[in-house]
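These notes concern the structure reproduced below.
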Amino acid sequence: MNRPEDLASPLSTHDLKLAYGTSVIVPHLNLSLKAGQVTSIIGPNGCGKSTVLRALARLRPVSGGNVTLYGQALHSLPSKEVARRLAMLPQGPVAPEGLSVEELVWFGRHPHQGRFPVRRPEDREAVAWALSQTGMTIFGRRPLEALSGGQRQRAWIAMSLAQQTEILLLDEPTTYLDLSHQLEVLQLAQRLNREQGKTVVMVLHDLNQAVRYSDEIIAMRDGEVYAQGRPEDVLTPALLTDVFGLKAHLLSDPDTGRPYIIPYALTR
Amino acid sequence: MTVPFSPRFTSARALLVAGILATLTMLLSVLALGLGAVATPAAQVWAALWGGGDSLTRQLVLELRLPRVGVSLLCGAMFAASGAVMQGVIRNPLASPDLIGVGAGAGLAATVFLLAWPAAPPGGLPWAALAGAWGGFGLVLLLSRDWGGADGLPPVRLALVGVAVSAALGAVQHLVLVRAPDGLGSALTFLTGTVYGADAERLWRVLPWALVLLPASLLLSRTLDVLNLGEDLATGLGTRVNPARLLSLGVGVALAGAAVTGAGLLGFVGLLAPHLARLLVGAKHARTLPVSLLLGALLVLAADTLGRTLLPPLEVPAGLLTTLVGAPYFLYLLRRSA
Numbered sequence: 003m004n005r006p007e008d009l010a011s012p013l014s015t016h017d018l019k020l021a022y023g024t025s026v027i028v029p030h031l032n033l034s035l036k037a038g039q040v041t042s043i044i045g046p047n048g049c050g051k052s053t054v055l056r057a058l059a060r061l062r063p064v065s066g067g068n069v070t071l072y073g074q075a076l077h078s079l080p081s082k083e084v085a086r087r088l089a090m091l092p093q094g095p096v097a098p099e100g101l102s103v104e105e106l107v108w109f110g111r112h113p114h115q116g117r118f119p120v121r122r123p124e125d126r127e128a129v130a131w132a133l134s135q136t137g138m139t140i141f142g143r144r145p146l147e148a149l150s151g152g153q154r155q156r157a158w159i160a161m162s163l164a165q166q167t168e169i170l171l172l173d174e175p176t177t178y179l180d181l182s183h184q185l186e187v188l189q190l191a192q193r194l195n196r197e198q199g200k201t202v203v204m205v206l207h208d209l210n211q212a213v214r215y216s217d218e219i220i221a222m223r224d225g226e227v228y229a230q231g232r233p234e235d236v237l238t239p240a241l242l243t244d245v246f247g248l249k250a251h252l253l254s255d256p257d258t259g260r261p262y263i264i265p266y267a268l269t270r
Numbered sequence: 009m010t011v012p013f014s015p016r017f018t019s020a021r022a023l024l025v026a027g028i029l030a031t032l033t034m035l036l037s038v039l040a041l042g043l044g045a046v047a048t049p050a051a052q053v054w055a056a057l058w059g060g061g062d063s064l065t066r067q068l069v070l071e072l073r074l075p076r077v078g079v080s081l082l083c084g085a086m087f088a089a090s091g092a093v094m095q096g097v098i099r100n101p102l103a104s105p106d107l108i109g110v111g112a113g114a115g116l117a118a119t120v121f122l123l124a125w126p127a128a129p130p131g132g133l134p135w136a137a138l139a140g141a142w143g144g145f146g147l148v149l150l151l152s153r154d155w156g157g158a159d160g161l162p163p164v165r166l167a168l169v170g171v172a173v174s175a176a177l178g179a180v181q182h183l184v185l186v187r188a189p190d191g192l193g194s195a196l197t198f199l200t201g202t203v204y205g206a207d208a209e210r211l212w213r214v215l216p217w218a219l220v221l222l223p224a225s226l227l228l229s230r231t232l233d234v235l236n237l238g239e240d241l242a243t244g245l246g247t248r249v250n251p252a253r254l255l256s257l258g259v260g261v262a263l264a265g266a267a268v269t270g271a272g273l274l275g276f277v278g279l280l281a282p283h284l285a286r287l288l289v290g291a292k293h294a295r296t297l298p299v300s301l302l303l304g305a306l307l308v309l310a311a312d313t314l315g316r317t318l319l320p321p322l323e324v325p326a327g328l329l330t331t332l333v334g335a336p337y338f339l340y341l342l343r344r345s346a
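Which chain is which? The protein sequence lines are A and B, in order.
Under the numbering used here, the first residue of the first sequence is numbered 3, with each subsequent residue one higher.
Under the numbering used here, the first residue of the second sequence is numbered 9, with each subsequent residue one higher.
Given below as structure tokens:
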């Protein structure tokens, strides 16, 4: 506990065990995320990546070990304090009917407000900032159900941004979006990281997107970390075979020099 | 190029709706206070309310009719608040005190309490009903809880089990009533949902509960808004979900329990009023809750007033009329969510 490297790590896990009832999803996870980076967790369906992300956000109980936020045990911190330092957008969030974008984004101020929802100038600023970062200012007064899928996802991200946290966790933020809206979300995540220094952690399915938009990749298999590191170091033919059961051509992305994966066969 | 868009639901709109409902409720109250074997003109009712007029009218209006109107308004508002709170917590549009075991538990406990202890002090009944409400609701919780998982209270199962438990408890209550001695049994008929014969004692019985619990429900509006986003988002925003749910449910259960001791189970008021309120002012509880209270009060008073004027001298119970309106709407909701 409280190893020096943990104090510098926004989120780390220590012998973390996660289980649903008696079935163990993640037996024994030791993970340390780097501050100020975009990290993507990749892995096949059922490898436990979403489960781990949810545990990092204290959204699910832990069966053993713990998660630390800059060295402090997550479960011992007041939930509201955690919400001021860490925002998590789960998969497929649902808003009550009739809520406008602006009203939704105001929920992001909840952890900063006291017992009574006084709208202080800094709250208004944070909401306006979150709307403008996501390009949602002009949609502020629209009801969520009147938006397209991409706009709605941006509205939810805006809510997370209004929390003004240093850490942003996104669980499959591009699922159900068309390609251009996927890029929009990924570029937004990258920009927030570059311009605001936010630590961004995502679960992504598209390997090429993960490679292109991440500084660090964590590849998971069967509830364990198979590899962690820079995309160009992690995405190897061996990893694609071992983790995904794929044979692939690895080209070089002309923009980034990072690998571009073209799978052509299954190995199992 | 975007088309300017004005939101459907604003605070100004909510204020307007609340103002209209409050005015309607007041007008209908004055009308109801004038109704009876000896009709009293509205002007005299108004005078009597402010301590004027002749003593006979004052007695008629203040001592005989006011309790009935007061019980209608309070119990309607309490059922509506209870429904709004529960629909928010359980995130199920079909949740309502009469559909998740709360009302049925309160009714059964109140029946047994009155039969077993006819000479009990009047203040005791709401406590018995409260215990019964928790008993009924606890039974539902117990049966719907997923003991293996970590999810706590799965909303859909909760509602399903609630309907079954309500039906069972209601049957037991009927059985107890059927076996009750004649005189006592008829004294308990109000528990089936009517404000007929509501007297000052019944008004005083529910008034303190209403004065505490109705404002308490309004204070919950922000908690309910956050809970309404779902467990993950609520947790992510820093809410301790299970304590917040329990607190809100506690208020919702107590509201229904107390309301049952005033007017019995007024069917579907707790379902109808919050739904209507959301249609009028949207999903934010700071707006939905006050409008629900007003709608519940107005609904029950209107049902009772109508029930008294439809087939005089017969009185159609208010709960019967609210059920006649509510049941089809419940079926419509079922069809829509299926």
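Every residue, glycine too, gets a C-beta built ideally from N, C-alpha and C.
Owing to the predicted nature of the structure, the values given are computational and were not obtained by experimental measurement.
Among all the DSSP beta bridges, which residues are the ones paired with ILE263/A?
-> Within the first sequence, the letter at position 261 stands for residue 263/A. Looking at the DSSP assignment, ILE263/A forms a beta bridge with LEU252/A.
Roughly how many angstroms separate the alpha carbons of VAL69/A and LEU81/B, rounded to a whole number?
-> Your numbering for residue 69/A matches position 67 in the first sequence. Your numbering for residue 81/B matches position 73 in the second sequence. Taking C-alpha positions only, VAL69/A is separated from LEU81/B by approximately 52 Å.
Would you kindly check if the distance between the Cβ of TRP217/B and the Cβ of PRO134/B is under 7 Å?
-> In the second sequence, residue 134/B corresponds to position 126, counting from 1. In the second sequence, residue 217/B corresponds to position 209, counting from 1. Yes; because the gap between Cβ atoms is below 7 Å, this pair is in contact.
Examine chain B for any beta-carbon lying closer than 7 Å to the beta-carbon of LEU20/A, and answer yes or no.
-> Taking the first residue of the first sequence as position 1, residue 20/A is located at position 18. It does not; no Cβ of chain B falls within 7 Å.
Nearest chain C C-beta to ARG230/B closer than 7 Å, yes or no?
-> No chain C is part of this structure, whose protein chains are labelled A and B.
Cβ-based burial, LEU287/B [other Cβ within 10 Å; buried from 16] = Within the second sequence, residue 287/B is the residue found at index 279, counting from 1. Its Cβ having fewer than 16 others within 10 Å, LEU287/B is exposed.
Uninterrupted alpha helix (DSSP H) stretches inside the region 97 to 158 of chain A (no shorter than 4 residues) = Qualifying alpha helix (DSSP H) stretches, in chain order: 103 to 108 and 123 to 135.
Per-residue contacts from GLY258/B into chain A (C-beta, under 9 Å) = The residue labelled residue 258/B in the question sits at position 250 within the second sequence. The contacting residues do not exist; GLY258/B stays about 18 Å from chain A at best.
Answer yes or no: do CYS83/B and GLY270/B have a C-beta to C-beta separation smaller than 7 Å?
-> The residue you call residue 83/B lines up with position 75 of the second sequence. The residue you call residue 270/B lines up with position 262 of the second sequence. Closer than 7 Å, so yes.
Write down the C-beta distance between SER300/B and ALA326/B rounded to the nearest angstrom, noting that I regard them as a contact closer than 8 Å.
-> On the second sequence, position 292 is the one that residue 300/B refers to. On the second sequence, position 318 is the one that residue 326/B refers to. About 18 Å; that fails the 8 Å criterion.
Within 8 Å of chain B by C-beta, residues of the region 94 to 112 of chain A in sequence order = Taking 8 Å as the upper bound on Cβ-Cβ separation, chain B lies near residues PRO95, VAL96, ALA97, PRO98, GLU99, GLY100, LEU101, SER102, GLU105, PHE109, GLY110 and HIS112 of the region 94 to 112 of chain A.
Start and end residues, alpha helix (DSSP H) containing ARG99/B = Walking along the second sequence from the start, residue 99/B turns up at place 91. ARG99/B -> no alpha helix (DSSP H), and no H or E assigned at all.
Could you name the residues that DSSP lists as bridge partners for ALA221/A?
-> Stepping through the first sequence from its first residue, residue 221/A is reached at position 219. Beta-bridge pairing by DSSP links ALA221/A to ILE44/A and ALA229/A.
So, is the C-beta of LYS51/A closer than 7 Å to a C-beta in chain B?
-> For the purposes of this step, residue 51/A is taken as residue 49 along the first sequence, with counting starting at 1. Not a single C-beta of chain B is nearer than 7 Å to the C-beta of LYS51/A.
In chain A, what lies closer than 9 Å to PHE17/B by C-beta?
-> Translated into the one-based positions of the second sequence, residue 17/B becomes position 9. Chain A residues near PHE17/B: GLY100, LEU101, SER102, GLU105 and PRO145.
For GLY178/B, the nearest candidate out of PRO101/B, MET86/B, LEU166/B and ILE108/B (CA to CA) = Residue mapping note: residue 178/B aligns to position 170 of the second sequence, counting from 1. Nearest in C-alpha terms to GLY178/B, of all of PRO101/B, MET86/B, LEU166/B and ILE108/B, is ILE108/B.
What three-state label does DSSP hand ASP240/B in the structure shown?
-> Numbered from its first residue, the second sequence carries residue 240/B at position 232. Three-state result, ASP240/B: helix.
Run of the beta strand (DSSP E) containing ALA89/A, from where it starts to where it stops = For this step, residue 89/A is matched to residue 87 along the first sequence. Per DSSP, the continuous beta strand (DSSP E) segment holding ALA89/A begins and ends at 88 to 91.
For my contact list, SER11/A and LYS36/A are in at a C-beta cut-off of 8 Å; report their separation, rounded to the angstrom.
-> Indexing the first sequence from 1 puts residue 11/A at position 9. Indexing the first sequence from 1 puts residue 36/A at position 34. For a cut-off of 8 Å, the C-beta gap from SER11/A to LYS36/A is around 7 Å, short enough to register as a contact.
So with Cβ pairs under 7 Å, would you call ALA26/B a contact of chain A?
-> For this step, residue 26/B is matched to residue 18 along the second sequence. Residue-level contact check: ALA26/B does not touch chain A, since none of the beta carbons of chain A fall below 7 Å from its beta carbon.
Closer than 8 Å by beta-carbon distance: list the chain A residues that pair up with ALA344/B, in chain order.
-> Working through the second sequence from its first residue, we reach residue 344/B at position 336. According to the sequence as given, residue 344/B is Arg; it is not Ala. The contact set of ARG344/B on chain A, defined by CB atoms closer than 8 Å, is empty, because the minimum CB distance reaches about 12 Å.
When you compare each of THR176/A, LYS200/A, LEU9/A and LEU188/A to PRO95/A by their alpha carbons, which one comes out closest?
-> Looking up residue 95/A in the first sequence gives position 93. The shortest C-alpha separation from PRO95/A is found at THR176/A.
Please classify THR10/B: does DSSP put it in a helix, a strand, or coil?
-> Residue 10/B sits at position 2 when you count from the first residue of the second sequence. The predicted position of THR10/B is uncertain, since its pLDDT is 46 and thus under 50; no value can be drawn from it.
What are the boundary residues of the beta strand (DSSP E) that includes SER14/A?
-> Sequence index remark: in the first sequence, residue 14/A carries index 12 (1-based). Note, SER14/A: beta strand (DSSP E), 13 to 22.
7 Å Cβ cutoff met for ILE220/A and ILE43/A = Within the first sequence, residue 220/A is the residue found at index 218, counting from 1. Within the first sequence, residue 43/A is the residue found at index 41, counting from 1. Yes, Cβ-Cβ distance for ILE220/A and ILE43/A is below 7 Å.
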